[in-house]
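Residue numbers (our numbering): 140 to 380. Where a beta carbon is used, it is the ideal one built from N, C-alpha and C, also for glycine. These notes are about the structure you will find just below.
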Ligand code: F6R
């Protein structure tokens, strides 16, 4: 089932997203949490940091799995998702660093790293709550629109649209890595008990319209695969749709 909630603005969306995560964490302190990077979740992370600081939520037993990472990239690089997660979230909460999982952009063998990452998800018993952002082209993680989707964690090529969209974090488009390690749609759909999809900003209007109204589940619009999952909550600050 897909449950869609429209929020007044980005602040409300971020607050609501953080409250959904917090509620799950309060129910199950050893929650396994799937996490995205990008602009969309930054407000949610800020709210979660605040709730952790004021003692409402505790991350000491929580395990996290990030959706994706550029490949190859050094963890210390400003643009790595590893750095993003520490700069925006992990450095400010009481999580045990050993419980943090992010695909390794420095791994010598990308395919082995993907296999290893998928096994770690299995070993954790799957993901309790998977938080996702929506790409302007309908991608989820780095599962880009195409003829088919790869089920589990794999090496993905970034589409031209995604390279353009992500260039804002780099000095130039040429610097954006063209490949990444990403959970597959199967890792997301089959191994997550609950999914929270965050849709924010005008740039997502077309992708969200297609998601809502095309009435097709298609690899050409990877987000539509979420219709196959039984428990998806969508939060959107796009009103006029
Ligand atoms: C990030 C990720 C991507 C983003 C999507 C939206 O880990 O997997 O799929 O969620 O590209 O990015 P923003 O939020 O920057 O618009």
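Starting from residue 293, trace the beta strand (DSSP E) in both directions and tell me its first and last residue.
Taking the chain shown and counting its residues from 1, one reaches residue 293 at position 154. 293-296 is the span of the beta strand (DSSP E), which, as asked, contains residue 293.
Would you call the CB atoms of residue 290 and residue 323 closer than 9 Å?
Start at 1 with the first residue of the chain shown, and residue 290 comes out as number 151. Start at 1 with the first residue of the chain shown, and residue 323 comes out as number 184. Here residue 290 is near residue 323, since their CB atoms are less than 9 Å apart.
Kindly indicate if chain C contains any beta-carbon less than 9 Å away from that of residue 362.
No chain C appears in the structure shown, which is made up of a single protein chain.
Can you tell me the Cβ-Cβ gap for residue 377 and residue 347, rounded? I've got them flagged as a contact below 8 Å.
Numbered from 1 along the chain shown, position 238 holds the residue referred to as residue 377. Numbered from 1 along the chain shown, position 208 holds the residue referred to as residue 347. The C-beta distance from residue 377 to residue 347 rounds to 6 Å, short enough to fall under 8 Å.
Between 335, 156 and 219, which has its C-alpha nearest residue 270's C-alpha?
In the chain shown, residue 270 corresponds to position 131, counting from 1. Of the candidates 335, 156 and 219, 335 places its Cα closest to the Cα of residue 270.
Apart from the five residues just before and just after residue 231, which ones in its own chain have a Cβ nearer than 6 Å to its Cβ?
For the purposes of this step, residue 231 is taken as residue 92 along the chain shown, with counting starting at 1. A distance below 6 Å between beta-carbons, with the five flanking residues on each side excluded, links residue 231 to the following residues of its chain, in chain order: 188.
Stretch-stretch touch, CB-based, cutoff 8 Å, three pairs: the segment 337-346 with the segment 179-198:
Yes, the segment 337-346 touches the segment 179-198.
Determine the DSSP secondary structure at residue 208, reduced to helix, strand or coil.
Working through the chain shown from its first residue, we reach residue 208 at position 69. Three-state DSSP puts residue 208 in a strand.
Compute every distance between the C-beta of residue 177 and the non-hydrogen atoms of ligand 1, then say whether any falls below 8 Å.
What you label residue 177 is simply residue 38 of the chain shown in a count that begins at 1. Yes, the Cβ of residue 177 comes within 8 Å of a heavy atom of ligand 1.
By DSSP's criteria, residue 319 is part of a beta bridge. Which residues make up the other side?
By one-based count along the chain shown, residue 319 stands at place 180. Note: residue 319 sits in a beta bridge opposite 209 and 295.
Secondary structure at residue 216, three-state DSSP: helix, strand or coil?
Position 77 of the chain shown, counted from the first residue, corresponds to residue 216. Looking at residue 216 - three-state DSSP - the assignment turns out to be coil, as it is neither helix nor strand.
Compare the Cα-Cα distances from residue 194 to each of 366, 253, 233 and 173 and report the closest residue.
In the chain shown, counting from the first residue as 1, residue 194 sits at position 55. Between residue 194 and the set 366, 253, 233 and 173, the nearest pair of CA atoms involves 233.
Can you tell me whether residue 160 is buried or exposed? The criterion is at least 16 other CB atoms within 10 Å of its CB, across all chains shown.
Position 21 of the chain shown, counting from 1, holds the residue named residue 160. Taking a 10 Å sphere around the C-beta of residue 160, we find 16 or more other C-beta atoms and assign the residue as buried.
Tell me, please, whether the segment 256-274 touches the segment 154-172 by the rule of three or more beta-carbon pairs shorter than 8 Å.
Between the segment 256-274 and the segment 154-172 there are three or more inter-stretch CB-CB distances shorter than 8 Å, so the stretches are counted as touching.
Leaving aside the five residues before and after residue 275 along the sequence, list all residues of the same chain whose C-beta is less than 7 Å from its C-beta, in chain order.
Indexing the chain shown from 1 puts residue 275 at position 136. Within the same chain, Cβ atoms closer than 7 Å to the Cβ of residue 275 are found at 300, 304, 342, 343 and 346, the five residues on either side in sequence being excluded.
Less than 8 Å between the CB of residue 279 and some heavy atom of ligand 1, yes or no?
Walking along the chain shown from the start, residue 279 turns up at place 140. Yes; taking the cut-off as 8 Å, the Cβ of residue 279 has a heavy atom of ligand 1 nearer than that.
Taking the alpha-carbon positions, what's the residue 253 to residue 370 distance?
Locating residue 253 in the chain shown gives position 114, counting from the first residue. Locating residue 370 in the chain shown gives position 231, counting from the first residue. Going from the Cα of residue 253 to the Cα of residue 370 covers about 26 Å.
Distance between residue 260 and residue 216 (C-alpha atoms, nearest Å):
Along the chain shown, read from residue 1 onward, the residue named residue 216 stands at position 77. Along the chain shown, read from residue 1 onward, the residue named residue 260 stands at position 121. Residue 216 and residue 260: Cα-Cα distance of roughly 25 Å.
Does the distance from the C-beta atom of residue 359 to that of residue 257 stay below 9 Å?
If you number the chain shown from 1, residue 359 lands on position 220. If you number the chain shown from 1, residue 257 lands on position 118. Using a Cβ distance threshold of 9 Å, residue 359 and residue 257 do not count as a contacting pair.
What would DSSP say about residue 349, mapped onto helix, strand or coil?
By 1-based counting over the chain shown, the position of residue 349 is 210. Three-state result, residue 349: helix.
Rounded to whole angstroms, what's the CA-CA distance from residue 297 to residue 222? Just pull it up for me.
Here residue 297 corresponds to residue number 158 of the chain shown, with the count starting at 1. Here residue 222 corresponds to residue number 83 of the chain shown, with the count starting at 1. Each residue's Cα considered, the two are about 20 Å apart.
Leaving out five residues on either side along the sequence, give the residues of the same chain with a beta carbon under 8 Å from the beta carbon of residue 197.
Stepping through the chain shown from its first residue, residue 197 is reached at position 58. The answer, listed in chain order, is 164, 168, 191 and 233.
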